[in-house]
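The structure under discussion appears below in the form of structure tokens.
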Amino acid sequence: MDSDVEEVANVQVRPRVVRRPVPVRSQVSATYESVDSESDDDDFFRLHQQTSAALESDSNSTPPSPDVAASEEESHVVDLDSDSDVDSTSDIEKNAVVGEKRKHAGEDAPNTRSRSVSLTPPPSAPHHEPAPNVPAPAPFIHTFELDSDTDTRDLDPSLQAVIQSTPIAHARSQPQENSPAPRTPRPALERVQIEFQFMYDPEFLAHELPLLWDPRRWGRIRSPATIEKKLQEHVAVVVFTTDVVATAVAAYSDIFVVDVLATDPVLMDRMTRVFPTSTLASLGDKLAVYIKVFPRSVYNRRREREAVEMARVEGEREQARRDLEMVQELRQAGDTLPSENLNLGHEDNSSNNISGIRIKIRDKAGRDTLLLVTAATKVQSVVENYCKLAQLQPGTKVRLEFDDEALDPSDTIGNTEIEDDDMLTAFCI
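Residue 428 is where the sequence shown ends in numbering that gives the first Met the number 0, and the numbering goes up by one at each step.
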């Protein structure tokens with residue numbers, strides 16, 4: 000049967016098939032039953048051999064719509080058959096190699112999970128550049144701000160009233176033009192420590208201390224050694240610089256074993272006497288003051304002993320002055336004596352007459368008297384001069400001995416064995 004219509008075969012567009020391994024998560028068992036199960040657990044992904052066939056069957060069984068087929072045919076120009084074959088072959092080879100490596104890794108270490116080896120080279124060691132030379136920072140100086148002299152907020156109300164009523168000349172208000180170096184002003188209410196030391200003598204212990212004995216202060220102390228130990232204790236009292244010394248003495252008398260105020264005390268700061276009405280600021284710029292406390296009787300006896308000692312020292316000085324005058328007179332007398340044997344080869348007596356001989360005369364008490372004599376001086380003249388220098392009573396007879404031998408008063412010094420700087424002994428008859 001003839002017909003104008005030609006039969007056209009139904010052209011089916013073959014879609015492009017991309018074959019890739021399907022990732023399938025393996026079932027992990029909580030227990031390791033065999034070596035095969037351990038190797039299966041180590042494989043995180045497993046490749047199936049029938050993956051490509053399944054993809055082909057699925058793609059061929061479902062025909063696409065005509066519009067989709069036409070668009071795919073126009074967009075793909077590359078040979079689909081060659082691409083699919085190359086992709087499938089390369090994927091299968093790679094999967095086989097990976098599977099073999101994982102299987103061998105599982106056999107060598109069954110109890111450990113295989114780890115992927117990184118092909119990235121390790122990072123290079125850090126390069127440390129030398130630190131630049133930075134100058135050391137300047138030392139930080141702490142600056143403290145001192146309180147003002149007029150800051151009386153922390154004081155008692157009574158002290159605040161005294162300060163406000165008493166004008167105080169602060170150090171910073173004084174002109175500093177003539178001062179060589181600036182000084183930090185000191186607050187007017189600075190505290191000063193006064194250390195007291197009680198002074199006594201044997202007469203005070205024997206006669207005056209029993210009259211001042213207070214059982215409440217001494218308690219059960221009766222031993223003389225303990226009593227002296229208590230009297231020698233130093234007591235420190237802290238007061239303000241604006242207080243008078245009498246305030247500190249009253250506080251010291253209250254805590255000491257002896258009622259110091261009852262002894263009419265005399266206060267001494269080193270060699271300076273301190274009066275009770277003096278302020279502590281008058282003692283100087285000190286943070287600690289040491290004061291010796293003398294009872295009036297002890298102080299008077301000490302002054303008497305000092306006067307006797309000064310008289311003795313003055314007498315010794317006067318004696319030394321008279322000895323010096325006597326030596327000068329004897330030297331002048333020796334220079335005026337006629338010299339004998341002036342020849343150069345005979346200078347035995349002339350040299351002694353000119354220079355003189357120094358002798359020392361010591362009495363029984365150990366007192367020494369110096370004399371300058373010559374070889375022509377008689378022993379009797381030495382005795383008379385010694386009696387004058389020693390201030391002996393008129394008519395006192397004195398015998399001089401040298402090396403335990405008595406000297407003849409009529410002999411001269413040159414006829415004896417006395418030499419320069421020899422010592423004679425004087426005995427009163």
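Beta carbons are placed, not taken as given, at the ideal position from N, Cα and C, and that holds for glycine.
In this text, all values refer to a predicted model and were calculated from it rather than measured experimentally.
Item	Value
If you measure between the beta carbons of Pro275 and Pro294, is that distance less than 8 Å?	no
Taking the continuous beta strand (DSSP E) assigned at Lys359, which residues delimit it?	356 to 361
To the nearest angstrom, how far is the alpha carbon of Phe426 from that of Ser409?	17 Å
Determine the closest residue to Arg361 out of Glu194, Met270, Ala389, with distance taken between C-alpha atoms.	Ala389
What is the DSSP secondary structure of Gln49, reduced to helix, strand or coil?	Low confidence applies here, because Gln49 scores a pLDDT of 49, under 50, leaving its location unreliable and the question unanswered by this model.
So, for Tyr298: in the same chain, excluding its five sequence neighbours on each side, which residues have a beta-carbon less than 7 Å away from its beta-carbon?	Val265
So which of Val238, Thr241, Leu279, Pro214 has the shortest CA-CA distance to Val256?	Pro214
Where Ser296 and Val372 are concerned, what is the direct C-alpha to C-alpha distance, given to the nearest angstrom?	51 Å
For the segment 191 to 206 against the segment 226 to 244, are there 3 or more C-beta pairs whose distance is under 8 Å?	yes
Closer than 7 Å by C-beta to Ala310: which residues in its own chain qualify, once you throw out the five before and the five after it? Chain order, please.	none
With DSSP collapsed to three states, give me the class of Glu305.	helix
Where does Ala250 fall in DSSP's three states?	helix
Looking at the unbroken alpha helix (DSSP H) that takes in Tyr385, where does it start and where does it end?	378 to 388
So who's on the other strand from Asp284, going by DSSP bridges?	None, per the DSSP bridge assignment.
Take Asn245 as the anchor and find which of Gln231, Val292, Gly283 has the nearest alpha-carbon.	Correcting the residue identity first, residue 245 is Ala in this sequence and not Asn. Nearest C-alpha to Ala245: Val292.
Note down the Cα distance separating Thr411 from Asp419, rounded to an integer number of angstroms.	15 Å
By a C-beta neighbour count over all protein chains shown, 10 Å radius and 16 as the cutoff for buried, is Thr278 buried or exposed?	exposed
Can you give me the C-alpha to C-alpha distance between Asp78 and Pro122, rounded to a whole angstrom?	Because the pLDDT at Asp78 is just 47, under 50, the model does not fix this residue reliably, and the point stays unresolved.
Pick helix, strand or coil for Val232, following the three-state DSSP scheme.	According to the sequence shown, residue 232 is Glu rather than Val. It is coil, neither helix nor strand.
Bridge partners of Arg272, per DSSP?	Met267
According to DSSP, is Val297 part of a helix, a strand, or is it coil?	helix
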